[in-house]
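**Q** Please find one structure pasted underneath; my questions will follow.
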Amino acid sequence: MLYEKFSSSFKETNPQFFSVHDCFGTTTKVFVLKTMLASVYTDIYSSDLYLYKFDKNILDLIENNSNYRLDREKRTLEMDNHTYHIHDIVWVMNKKHASPITIKKINS
């Protein structure tokens, strides 16, 4: 997605673009890349289905691959004699996706 959006902003057919995980090397259109990257991440990660599935998979991973005690209802995890509260995905999904401060940082 990112490469398609980024490369379409060039007149050339093969713009220079290198990506390693979440690090990028590019030519002079860094601001365009930054804005498009934020847009692509928002498109990918703001889907309700994706976030609920991601949450479930993390909890499944903890439950199936550790000796920690996970209480899905209370959203707690017991490990090393401590109890940790896990984020409530329903609460997260009901929050605004971006604050004006975040948007200002993206645009700077």
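Under this note's numbering, think of the first position of the sequence shown as 246, with each following residue one higher.
Don't be surprised by glycine CBs; every beta carbon is placed ideally from N, CA and C.
Suppose the cutoff is 6 Å on Cβ atoms and the five residues either side in sequence are ignored; what does the same chain contact list for Met324 look like?
**A** Counting only Cβ-Cβ distances below 6 Å, and skipping sequence neighbours, we find Tyr313.
**Q** Around the C-beta of Met281, are 16 or more other C-beta atoms found within 10 angstroms, so that it is buried, or is it exposed?
**A** With 16 or more Cβ atoms within 10 Å of its Cβ, Met281 is classed as buried.
**Q** Check Glu323 in the structure and name its three-state DSSP category.
**A** Three-state DSSP puts Glu323 in a strand.
**Q** What span of residues does the alpha helix (DSSP H) with Asp293 cover, start to end?
**A** Unbroken alpha helix (DSSP H) run through Asp293: 293-310.
**Q** Roughly how far, in whole angstroms, is the beta-carbon of Thr321 from the beta-carbon of Ile331, given that I think they are within contact range, below 8 Å?
**A** Right, the Cβ-Cβ distance comes to about 7 Å (below 8 Å), so this counts as a contact.
**Q** Ends of the beta strand (DSSP E) at Asp333?
**A** Counting along the chain, Asp333 falls outside any beta strand (DSSP E), and DSSP gives it neither H nor E.
**Q** Under 8 Å, Cβ to Cβ, is there at least one residue of chain C near His330?
**A** Annotation note: the requested chain C is absent from the structure, which comprises a single protein chain.
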